[in-house]
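Below is one structure, written out as structure tokens; the observations come after it.
In the UniProt record's numbering, the protein residues as written are 1 to 377.
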């Protein structure tokens, strides 16, 4: 049986031992660097771990030089965004994206750049010199074998497919490609144990050529380790009818110098609502000023995170962000070696408390016991 490739070296043929993921009783894949007995971060036995996993994380990676950003072409495929009928290029975006963005960041970015254009942002109709081929959600994704991978008809949630050996048509659609990683917070049962194993998409179709990876673990630098590699791509399944093919941009764009961690939308053609595509298609040039304002992306992420919290009934203090209050249990035991027998009436709070009075530093660990300890400053 052909063996899977490791994530760090996708182009090599280094064998990796272990059974297929779907045969495992553990929630961890055979390629996981963690032992099978490791307690998950959201386990009920880890009281200091994360409480909620929210879909929209507003934390962006550190700023990097624009030389470490990639210009990517996002081509939308949907039956109502068919470029053949109007002899136009369909709906697409050209965005410069930091290489330290993960697939989780990429999902937020897709929602941002494909936010429907307002009436005054639609500036001019298309003026293309050649009609593209029909955009369809039926795409051949297996190179040279005559097989065809179509969008699943029972898709619930989203799915990323990271591909190599791709062939991209002039319309930005991936015609061929070999998937080596799949990632989804709604479909992957191994990195996101809350997903139902029976209802997980593609589980029965898992091959020896790809494996599940967590969205937070896949940076674009791993998808394109050599920079602008035209033979690597990402297919994003938004739902059973909608795909977005993400490839290296080959159009001419202006140079961009500096340092940052925000995306820059260079070109936007066509507009359609991803959540409600019926009757929302506009095939025309879109003015990009709104998307490129200084705080526009930050405000968008904050608004999406707020809607996510409201939808899940999560209080702001309980959100799954890298914020204060989320503590390492090992660190807590090291700083506060107090056994449960010493705690008669625990009063749990979210934060440590500390103060300085008369040159004495006083702190109380988690408010789980009294009296407080005092140390000379």
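Glycine included, every Cβ here is placed at the ideal spot set by N, Cα and C.
### Query
Cα-Cα, which of 223, 283, 175 is closest to residue 273?
When C-alpha distances from residue 273 are compared across 223, 283, 175, the shortest belongs to 283.
### Task
Mind checking which residues open and close the alpha helix (DSSP H) that includes residue 281?
Going by DSSP, residue 281 is part of no alpha helix (DSSP H) at all; its letter is neither H nor E.
### Query
Taking all protein chains shown into account, do 16 or more other C-beta atoms lie within 10 angstroms of the C-beta of residue 295, making it buried, or fewer, making it exposed?
With fewer than 16 other Cβ atoms inside 10 Å of its own Cβ, residue 295 counts as exposed.
### Query
Is the beta carbon of residue 161 sitting closer than 7 Å to the one on residue 167?
Taking the C-beta atoms as reference points, residue 167 is found no nearer than 7 Å to residue 161.
### Message
Once DSSP output is grouped into helix, strand and coil, what is the label at residue 182?
### Response
Assignment of residue 182 by DSSP, reduced to helix, strand and coil, places it in the strand class.
### Message
Checking 7 Å against the spacing of the C-beta atoms, do residue 97 and residue 267 come in under that value?
### Response
No, the Cβ-Cβ distance between residue 97 and residue 267 is not below 7 Å.
#### Entry: Neighbour-count burial assignment, residue 123, 16 or more Cβ in a 10 Å radius
Answer is exposed; the Cβ neighbour count stays below 16.
### Query
In or out: residue 67 buried (at least 16 other Cβ within 10 Å) or exposed?
Counting Cβ neighbours within 10 Å, residue 67 comes out exposed, since fewer than 16 surround it.
### Message
Which of the three DSSP states is assigned to residue 104 in this structure?
### Response
Note: residue 104 maps to helix in three-state DSSP.
### Task
Please name the residue or residues paired with residue 264 in a DSSP beta bridge.
Paired residue(s): 96.
#### Entry: Local conformation of residue 80 per DSSP, three classes
Residue state, collapsed to three classes: coil.
### Query
Using DSSP with H/G/I as helix, E/B as strand and the rest coil, what is residue 110?
Note: residue 110 maps to helix in three-state DSSP.
### Query
Taking DSSP as the reference, what is the three-state secondary structure of residue 272?
Here residue 272 sits in coil by DSSP.
### Query
Helix, strand or coil: how does DSSP classify residue 295 here?
DSSP places residue 295 in coil when its eight states are reduced to three.
#### Entry: residue 244 classed as buried or exposed, judged by whether at least 16 other C-beta atoms fall within 10 angstroms
Residue environment for residue 244: buried (at least 16 other C-beta atoms within 10 angstroms of its C-beta).
### Task
Compare the beta carbon distance of residue 76 and residue 249 with 7 Å and say whether it is the shorter of the two.
In this structure, residue 76 sits away from residue 249, with a CB-CB distance that is not shorter than 7 Å.
### Query
Among residues of its own chain, excluding the 5 on either side of residue 290, which ones have a beta-carbon nearer than 7 Å to its beta-carbon?
Answer for residue 290: 121, 296, listed in chain order.
### Task
Let me know if residue 278 comes out buried or exposed under the rule of 16 or more other beta-carbons within 10 Å of its beta-carbon.
Under this definition residue 278 is an exposed residue.
### Task
Use the C-beta contact count for residue 174: other C-beta atoms within 10 angstroms, 16 or more gives buried, fewer gives exposed.
By the 10 Å Cβ count, residue 174 comes out buried.
### Message
According to DSSP, simplified to helix, strand and coil, what is residue 167?
### Response
Three-state result, residue 167: strand.
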